[in-house]
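Worksheet for the structure shown next.
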Amino acid sequence: MSVSALKSNGKGIQGPLVLVILDGVGLFKGKDQGYPGNALDLANAPTIKGLIENAPIRLQIQAHGTAVGMPSDDDMGNSEVGHNAIGAGRIFDQGAKLVGKAVASGAIFSDERWMGFIGTKDQPGAALKPKEDGSMPVVHFMGLLSDGNVHSHIDHLLAMVRKCHESGVEQVRIHILLDGRDVNEVSALTYVDQLEETLKELDPSGKNYRIASGGGRMNITMDRYDANWPMVEKGWKTHVAGQAPGFASATEAIEKYRQDQPGVIDQDLPPFVVEENGQPVGRIQSGDCVIFFNFRGDRAIEMSRAFTEEGFSEFKRDPEVKVHFAGMMEYDGDLRIPPLYLVPPPEIDHTLSEYMARTGLKTYALSETQKFGHVTYFWNGNNSQKFDENLEVWEEIPSDVIPFEQKPAMKAPEITAALIKALKSGEFSFLRVNYANGDMVGHTGVLQAAIDSIETVDKCLKDLIGACEQSGATLIVTADHGNCEEMIESDKKTGEPKKKKDGSYSAKTSHTLNPVPFVITGAGVENFKASDLSDGGLSNIAATVLTLMGYEVPEGYRPSLVQPG
Numbered sequence: 182m183s184v185s186a187l188k189s190n191g192k193g194i195q196g197p198l199v200l201v202i203l204d205g206v207g208l209f210k211g212k213d214q215g216y217p218g219n220a221l222d223l224a225n226a227p228t229i230k231g232l233i234e235n236a237p238i239r240l241q242i243q244a245h246g247t248a249v250g251m252p253s254d255d256d257m258g259n260s261e262v263g264h265n266a267i268g269a270g271r272i273f274d275q276g277a278k279l280v281g282k283a284v285a286s287g288a289i290f291s292d293e294r295w296m297g298f299i300g301t302k303d304q305p306g307a308a309l310k311p312k313e314d315g316s317m318p319v320v321h322f323m324g325l326l327s328d329g330n331v332h333s334h335i336d337h338l339l340a341m342v343r344k345c346h347e348s349g350v351e352q353v354r355i356h357i358l359l360d361g362r363d364v365n366e367v368s369a370l371t372y373v374d375q376l377e378e379t380l381k382e383l384d385p386s387g388k389n390y391r392i393a394s395g396g397g398r399m400n401i402t403m404d405r406y407d408a409n410w411p412m413v414e415k416g417w418k419t420h421v422a423g424q425a426p427g428f429a430s431a432t433e434a435i436e437k438y439r440q441d442q443p444g445v446i447d448q449d450l451p452p453f454v455v456e457e458n459g460q461p462v463g464r465i466q467s468g469d470c471v472i473f474f475n476f477r478g479d480r481a482i483e484m485s486r487a488f489t490e491e492g493f494s495e496f497k498r499d500p501e502v503k504v505h506f507a508g509m510m511e512y513d514g515d516l517r518i519p520p521l522y523l524v525p526p527p528e529i530d531h532t533l534s535e536y537m538a539r540t541g542l543k544t545y546a547l548s549e550t551q552k553f554g555h556v557t558y559f560w561n562g563n564n565s566q567k568f569d570e571n572l573e574v575w576e577e578i579p580s581d582v583i584p585f586e587q588k589p590a591m592k593a594p595e596i597t598a599a600l601i602k603a604l605k606s607g608e609f610s611f612l613r614v615n616y617a618n619g620d621m622v623g624h625t626g627v628l629q630a631a632i633d634s635i636e637t638v639d640k641c642l643k644d645l646i647g648a649c650e651q652s653g654a655t656l657i658v659t660a661d662h663g664n665c666e667e668m669i670e671s672d673k674k675t676g677e678p679k680k681k682k683d684g685s686y687s688a689k690t691s692h693t694l695n696p697v698p699f700v701i702t703g704a705g706v707e708n709f710k711a712s713d714l715s716d717g718g719l720s721n722i723a724a725t726v727l728t729l730m731g732y733e734v735p736e737g738y739r740p741s742l743v744q745p746g
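Following the working numbering, the residues of the sequence shown are numbered contiguously, the last one being 746.
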């Protein structure tokens, strides 16, 4: 069904509308409440704090759990589901929930995709048919080993490994990417132990079902947005070529790396391979089957391309292999990456961008590389194409390829300059921007760097407010999820900040379950007031944008956070 043009109600603002998304900046208690790890609270950030405390319209909205399509309110939000919700104006079941349902119901295992890939003893798929040389394929699983439920969940992996055993798969190898980002920073062995226990149960010999290689998620394999292809190449050399330091087990590798590099956290651990008699136990070879069990797409696309793309040229694939490859989900619907996937993604239609394009409104989307896909692809409902080339302008500021804590400002100043230029051009009715700092620097666990990042963004926001005043623009400031406001782990029983044996605080590197700010200021805001909604969330923002701009909200959209008055 086609999307019709929006209808004006004549009650909107007169100038442009700017939406600022402070990635990873939630609301949480601060030092006055006994919590010393809130980067926003600790930062000298008068502009952001002033908006939160004094903006004409100021709210707290939900950005996690069921408010963004996750299975429960115990599940963190993330930038992908957050931007989906903002851009779609509705709540769609997301990766974790879709895959969780498919695994729990067994639907994934009866689907033609799984049957063609693994099959059963009676109906063999590619994994159960001999290779050209007569040997049997090995089934390899690759993905993030944790229960963070942002990129993956260990329960999905264990269910598939069990199903492989039930179906008669002789050899399974698992290539584990260590988390420490969406879960506790040094929790890797918890998940390794859980996996090893299941493998031993299925294969008491320890020879047929085993861990083959691994490394930290921010060290190998899981790059995104073409920011650091050498990181992906390092993953290829580890999982495919077996070229990484060898250990007798994953546990030995993790313990040795921690001993040799005091303070290293899981996401940064170097690559390793598990060896026996000096040889890797599970290199990925031609004719084998590979399942990337991450359901979230951004950090799975590049390795998927390396396995499936004809004419791939980002790095030399040495050795080159031709495998049967499947992703847990389709990571890019437009580019069909990967060609085979096990669980279909949510079908998101009628996005805010499409409505605006059909109405003839010219829009502008901006971020640096690390979040560019969020204000474009995810915002547009997992669609990498524009609805109208003449009406949509996308601008990407290339990110630096260095650890974020080393330059916490990231590209915020350059982003601000580009946004102000676009605003002053007078071309655009609606402008959206993502400042990645609160999320990307927050994930490092380095509190001072996160504080510095907030202070940079605060200065940028001050300049932007000045430009909005000069241009007669209205400004919305919000966030897609929490992160940097809660950078120290809390004891689950007492709620007190958790300390390590050496007396230092235990860093929290994951997203949070906290609400996020939603404030409106600038021209015309005096003509609106907050709506009386008890369950406001990110999916209400699209209707709010349209209400402010004076357009009737499309049927099916979640209600606006504001109303004329």
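For each residue, glycine too, the CB sits at the ideal point set by N, CA and C.
Taking Cβ positions, are residue i and residue j nearer each other than 8 Å?
i: L200; j: V726; result: yes
i: A723; j: A269; result: yes
i: N561; j: T532; result: yes
i: A425; j: K418; result: yes
i: S715; j: P740; result: no
i: D447; j: S368; result: yes
i: A654; j: L604; result: yes
i: L547; j: A599; result: yes
i: D620; j: N563; result: no
i: G281; j: M510; result: no
i: C470; j: F298; result: yes
i: V454; j: G423; result: yes
i: Y390; j: L380; result: yes
i: A283; j: V445; result: no
Could you name the residues that DSSP lists as bridge partners for residue i?
i: M323; result: H356 and F473
i: P461; result: E456
i: I392; result: I355
i: S189; result: Y732
i: G705; result: Partner(s): none; G705 has no beta bridge.
i: K710; result: Q744
i: V331; result: Note: V331 sits in no beta bridge, so no partner.
i: K680; result: Y686
Which residue comes first and which comes last in the alpha helix (DSSP H) that contains residue i?
i: M251; result: Taken as a continuous stretch (DSSP letters only), M251 belongs to no alpha helix (DSSP H), as it is neither H nor E.
i: E535; result: L533 to T540
i: I335; result: I335 to S348
i: W575; result: Taken as a continuous stretch (DSSP letters only), W575 belongs to no alpha helix (DSSP H), being part of the beta strand (DSSP E) at E573 to I578.
i: V638; result: L628 to S652
i: A283; result: G276 to S286
i: M296; result: E293 to F298
i: W509; result: Sequence inspection shows Met at residue 509; the Trp mentioned does not correspond to that position. Run containing M509: none in the alpha helix (DSSP H); it sits in the beta strand (DSSP E), H505 to M510.
i: Y738; result: Taken as a continuous stretch (DSSP letters only), Y738 belongs to no alpha helix (DSSP H), as it is neither H nor E.
In whole angstroms, what is the alpha-carbon distance linking residue i and residue j?
i: T557; j: K602; result: 19 Å
i: I233; j: F699; result: 8 Å
i: G306; j: G300; result: 4 Å
i: T675; j: M257; result: 21 Å
i: N330; j: G324; result: 12 Å
i: S185; j: E736; result: 11 Å
i: D222; j: P696; result: 15 Å
i: P678; j: G205; result: 20 Å
i: M341; j: S606; result: 54 Å
i: G395; j: M412; result: 13 Å
i: L729; j: G705; result: 9 Å
i: R354; j: G250; result: 32 Å
i: I632; j: P385; result: 50 Å
i: I435; j: A481; result: 23 Å
i: A308; j: V350; result: 7 Å
i: A487; j: P227; result: 46 Å
Would residue i pass as an interface residue toward chain C - the criterion being a Cβ-Cβ separation below 8 Å?
i: N618; result: Protein chain content of the structure displayed is limited to a single chain, and chain C is not contained in it.
Under DSSP, the beta strand (DSSP E) around residue i begins and ends at which residues?
i: Q744; result: V743 to P745
i: R613; result: F611 to Y616
i: A546; result: T544 to E549
i: T139; result: Because the chain is modelled from 182 through 746, residue 139 falls outside the range shown and cannot be assessed.
i: V262; result: Unbroken run through V262 is the alpha helix (DSSP H), S260 to A269; no beta strand (DSSP E).
i: L232; result: Premise fails: L232 lies in the alpha helix (DSSP H), P227 to N235, not in any beta strand (DSSP E).
Would you say the beta carbon of residue i comes nearer than 7 Å to a heavy atom of the ligand ZN?
i: L309; result: With respect to the ligand ZN, the structure offers nothing, as it holds no ligand at all.
| If you pair each beta-carbon of the region 714-724 with each one of the region 263-271, do three or more pairs fall below 8 Å? | Between the region 714-724 and the region 263-271, the count of Cβ pairs shorter than 8 Å is three or higher; the stretches touch.
| message | Count Cβ pairs between the region 351-369 and the region 392-406 that sit closer than 8 Å; are there 3 or more? | response | Contact between the region 351-369 and the region 392-406 is present, with at least three C-beta pairs closer than 8 Å.
| So, do the region 244-263 and the region 701-712 have three or more beta carbon pairs nearer to each other than 8 Å? | Fewer than three pairs of CB atoms, one per stretch, sit closer than 8 Å, so the region 244-263 makes no contact with the region 701-712.
| task | Mind the definition here: the region 534-541 touches the region 510-521 only if three or more C-beta pairs lie below 8 Å; say whether that holds. | result | By the Cβ rule, the region 534-541 does not count as touching the region 510-521, because fewer than three pairs are nearer than 8 Å.
| request: Evaluate the contact criterion for the region 638-658 versus the region 677-692: three or more CB pairs, one atom per stretch, below 8 Å. | output: Too few Cβ pairs lie closer than 8 Å, so no.
| Any contact of the region 626-643 with the region 189-199, i.e. 3+ C-beta pairs under 8 Å? | With the rule of 3 Cβ pairs closer than 8 Å, the region 626-643 does not count as touching the region 189-199.
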